[in-house]
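Following: one structure in structure tokens, then a few remarks.
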Amino acid sequence: MTEKSNSENKERVGVYVCHCGTNISKVVDVEEVARWAGEQPNVEVARDYKFMCSSLGQELIEQDIKEKGLTRVVCASCSPHMHEKTFRTACERAGLNPFLFEMTNIREHDSWITDDKVAATAKAKSLVRGSIDRVIHHEPLEQIPVEINPNTLVVGGGIAGITSALELADAGYHVYLVEREPSIGGHMAQLDKTFPTLDCSACILTPKMVDVAQHDNITLLTWSEVEKVDGYLGNFSVTVRKKARYVNEEHCTGCGICIEKCPFKEVDEVFEAGMGTRKVIYRPFPQAVPKYPVIDKENCVYFKTGKCKACEKFCPTEPNSIEFDQEDEILQIDVGNIILATGYDLFDSKRIPQYGYGKLDNVFTGLEFERMVNAAGPTDGKIVLRDKESTPKSVGIVHCVGSRDENYHKYCSKVCCMYSLKFAHLVHERIPDAEIYDFYIDMRTPGKGYEEFYNRLLEEGTHFIRGKVAEVTDAARIPEEEGKLIIQVEDTLIGKQRRIPVDMVILSSAMEARAGSKEVSQLFKMGCDFDGFFTERHPKLDPVATMTDGILIAGACQGPKDVPESVSQGAAAAARVAGLISRGTVMMEPVRASIDQEACSGCKICNNMCPFNAIIFHEDRKVSEVITALCQGCGTCVAACPSGVITGAHFTNDQLFAQIEGVLWDMSAEKASA
Amino acid sequence: MSETYEPVIVGFLCNWCSYRAADLAGTARIKYAPNMRAIRVMCSGRVDPQFVMKALREGADGVMIAGCHPGECHYVNGNIKAMRRFYLLRKMLTQLGVEEERVQLIWASASEGILLAEKVDQMTEALRALGPLNWDEKVVNRSNGYKAAEVAPVLEEA
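Protein chains in written order, with the numbering used here: chain Y, 18 to 691; chain X, 8 to 165.
Next up, the structure:
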């Protein structure tokens, strides 16, 4: 045993070095690290063990705490993100404050990144020494209890958001459902049939929409957008802008006479995907929830010229429901949790010019076709060419438009194979003698009943051609191609270039993240990936939580998803929230900053550092103070304080300086011996 | 110094992005130089310039500060504050004779294990080429500049 220095506050540290089976011990000489650790200052006991996280491993720690009177514990094993909680709990069971524990990552950061045993062992020692030196300076901390406001905000009224809202409302909790369009329903409301069962989308969705509207526990805020989010898990304060509808929701009965009488039409780019028109005062679709119409101010003739007011003239309600002087309302909502279900955008097929969308009339996007086959859509469900008359005799369906493509999105958009098959089926059904060509790279149909649906289409006589479409053109080379759209493709199954003339082309465009998803992620202070999809806490084990406590995600805003998956996520997020609400309070990490009021010079530098406005300045005493409940513990103010009087609990200067010295123990030894 | 010089880097990794990037690099079994000794901080904004000075003085050949990409900070903009400090600090260190390559600020999101590994490899290579820092010789006892001598006591205190 070496002489123990640092005697001014003598602590008894237990060091535990994990083999992790052979994950660590294959590269790091764990026995040597443990033996060496036993010689380090303040170390009372050092052991190595096959699996520290096993119950036997944990008992080892608990026993030593009790029998050897350990006051500090260091465990050198995996990432703290993996097992810090496990070991903290073990310490707590043995009566040691869990924050007197420190974890050393010698697996992810060491044994898994190198095959060099000598270097890995040396690195492990340095990291362990850093932890030993750090843990000496740890202080016992208590977790902070936070009360959970039982109200929840759900952002996005598509099927995922609707599911979340209904689950929570049915559980007895109040929900604010915010939707930026005039009606809830989302993309699902635009669909005709849903694969693979071919249920009518509206038939299964609209009852749920009505439930939302009628539920006592749901406050529905459509035509509204979240503008600001303050606070933290349990206590968010959200600012919502309720845009002016110019229709009084109290008086309006939703009779629709105003819509009928409005003399002006606009192309509906949102709900009808540009395929149909709507009036200037409109509801997106007949079953819209809520039923109140909205005036499209930009195109309303009254707003532009001061004349018309047809809607007001014919409104039968008393008092009149049309209110041209209505203004946006700013609402302040307090909630405990937020579920984001903001959905997706469809890839803009114009970005691939060789597919001709926008230039060649009879190239349609998936959503356009979806509206076309919808019985309530602009063509009453008839499949027709752009002239709205002729029936196509041959149809080409192109998969992977914008997805699985280095130039656009690398990811697989997941739902396109299935919806392409659905389209093929619908064409077969409506135009029995039509020839259908389906161009795919790989047919991806995992899911209950999905592969069976594919087999059904094979039997229905769709021509499946394996190959990525190179071009859609109207430049005919032979008489048979005249007046047709020609799909140029390499058929990889026969190894030949083919040109297939068709009347209509449907592009199965990819799902992509909403255009403003980066801004939304910043608004809610959570992350999104490079594609713009929101980042889950764990891709497998925690798909609906985010890195920010109290913010959950559901549906296609997290990645391409079909209806059943979106519903599952919506319900999962709701269950997570319901669990938190029923607990009432949660314990938060005590990693918080505090200012020594006696020593603060009142320079106010920290005031501007805090991104959460958690630092207030007392004008009377000329000192700053951290509001613990608002502080998130980043430590930016700690690093900025010129007087060094802000303490960041569990990340104090003392602790970090000690750790720096510790991880460089060999360097200073080298220097001393030099 | 022995002839097989291996530079030592102290890495200050933020809890949310870069530390997880390093975790991911390990989980994905990406092999890279084991020369960085990581210290976890909640946010790159927590990295006090004194930490960097301390590490260099204690014998590190280089310091890497790693945070979330701008706009992706878990704490909104702590990384931007880290960046502001970083450029000032590096300028000061350069004036003291510490080569620019020795102090680096990188962004690595939790999904960028490969990127983090590459940056560590690159930095290790760069430091190998530079050789040991020798803080005392270079900075504290520097004979050709009175400025260094003046700041030396301050540095000693850090």
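Note that CB positions come from ideal geometry on N, CA and C, so glycine has one too.
Along the chain, where does the beta strand (DSSP E) that runs through residue 391 of chain Y open and close?
-> It is not in any beta strand (DSSP E) - residue 391 of chain Y carries neither H nor E in the DSSP assignment.
The stretch 373-387 of chain Y in contact with the stretch 289-307 of chain Y per 3-pair CB rule at 8 Å | yes
Nearest to residue 675 of chain Y by alpha carbon, out of X:106, X:53, X:34 and X:62?
-> X:62
If residue 378 of chain Y sits next to residue 403 of chain Y, beta carbons under 8 Å apart, how far is it from one beta carbon to the other, in whole angstroms?
-> 4 Å
What are the start and end residues of each continuous beta strand (DSSP E) run of 3 or more residues lying completely inside the stretch 207-291 of chain Y, in chain order?
-> 235-238, 241-249, 252-259 and 282-285
Members of the stretch 57-89 of chain X that neighbour chain Y once the beta carbon cut-off is set at 7 Å | 58, 61, 62, 65, 66, 67, 78, 79, 81, 82, 83, 84, 85 and 88
Excluding the five sequence neighbours on either side, which residues of its own chain have a C-beta within less than 7 Å of the C-beta of residue 603 of chain Y, listed in chain order?
-> 163, 165, 250, 251 and 597
Assigned exposure category for residue 83 of chain X - 16 Cβ within 10 Å defines buried | buried
C-beta atoms of residue 206 of chain Y and residue 280 of chain Y nearer than 7 Å = Between residue 206 of chain Y and residue 280 of chain Y, the gap from beta carbon to beta carbon reaches 7 Å or more.
Per DSSP, residue 521 of chain Y forms a beta bridge with which residues?
-> Listed as beta-bridge partners of residue 521 of chain Y by DSSP are Y:412.
contact_flag[the stretch 217-237 of chain Y, the stretch 489-496 of chain Y] where n(CB pairs < 8 Å) is 3 or more | Output reads no: the stretch 489-496 of chain Y does not touch the stretch 217-237 of chain Y.
Do the stretch 252-263 of chain Y and the stretch 331-349 of chain Y touch if we need at least three Cβ pairs shorter than 8 Å?
-> Enough Cβ pairs lie closer than 8 Å, so yes.
Residue 358 of chain Y and residue 574 of chain Y look like a contact to me (Cβ under 8 Å); what is the Cβ gap, rounded to whole Å?
-> The Cβ separation is near 6 Å, so the contact holds.
Are the Cβ atoms of residue 617 of chain Y and residue 583 of chain Y separated by less than 7 Å?
-> no
When you compare only the Cα positions, how much space is there between residue 119 of chain Y and residue 144 of chain Y?
-> Here the alpha carbons of residue 144 of chain Y and residue 119 of chain Y stand approximately 11 Å from one another.
Sort Y:278, Y:644, Y:621 and Y:174 by Cα distance to residue 356 of chain Y and report the nearest one.
-> Y:174
Can you round the beta-carbon distance between residue 648 of chain Y and residue 609 of chain Y to whole angstroms, since I take them to be within the 8 Å contact cut?
-> 5 Å
If you draw a straight line from the C-alpha of residue 418 of chain Y to the C-alpha of residue 623 of chain Y, how long is it?
-> 50 Å
CB contact flag (residue 22 of chain X, residue 51 of chain X, <7 Å) | no
Looking only at its own chain, which residues have a Cβ that is under 8 Å from the Cβ of residue 303 of chain Y, when we skip the five neighbours before and after it?
-> 393
Between which two residues does the beta strand (DSSP E) harbouring residue 353 of chain Y extend?
-> From DSSP, residue 353 of chain Y is part of no beta strand (DSSP E); its letter is neither H nor E.
Buried versus exposed, by CB contacts within 10 Å (16 or more), residue 105 of chain Y | By the 10 Å Cβ count, residue 105 of chain Y comes out buried.
Residue 351 of chain Y: buried (16+ other C-beta within 10 angstroms of its C-beta) or exposed?
-> Around the C-beta of residue 351 of chain Y, fewer than 16 other C-beta atoms lie within 10 Å, and the residue is accordingly described as exposed.
Within chain X, partners of residue 137 of chain Y - CB distance below 9 Å | 41
Counterpart residues of residue 331 of chain Y in DSSP-defined beta bridges | Partner(s): none; residue 331 of chain Y has no beta bridge.
Cut-off 7 Å between Cβ atoms - residues of its own chain near residue 65 of chain X, not counting five sequence neighbours on either side = Answer for residue 65 of chain X: no residue qualifies.
Check the Cβ-Cβ distances between residue 678 of chain Y and every residue of chain X, and say whether any is below 7 Å.
-> yes
Minimum Cβ-Cβ distance from residue 656 of chain Y to chain X less than 7 Å = Judged by the 7 Å Cβ criterion, residue 656 of chain Y is in contact with chain X.
Which partner residues of residue 692 of chain Y appear in the DSSP bridge assignment?
-> Residue 692 of chain Y is absent from the model: chain Y starts at 18 and stops at 691.
Can you tell me whether DSSP reads residue 87 of chain Y as helix, strand or coil?
-> coil
From residue 57 of chain Y to residue 682 of chain Y, what does the alpha carbon distance come to, in whole angstroms?
-> Distance between the alpha carbons of residue 57 of chain Y and residue 682 of chain Y is about 11 Å.
Under a three-way DSSP split, which group does residue 20 of chain X fall into?
-> If DSSP states are grouped into helix, strand and coil, residue 20 of chain X belongs with the strands.
Is residue 99 of chain X helix, strand or coil by DSSP?
-> helix
Does any C-beta atom of chain Y lie closer than 7 Å to the C-beta of residue 145 of chain X?
-> no
May I have the straight-line CA-CA distance separating residue 422 of chain Y from residue 465 of chain Y, to the nearest angstrom?
-> For residue 422 of chain Y and residue 465 of chain Y, the distance between alpha carbons rounds to 27 Å.
Beta-carbon proximity check, residue 33 of chain X vs residue 130 of chain Y, cutoff 7 Å = yes
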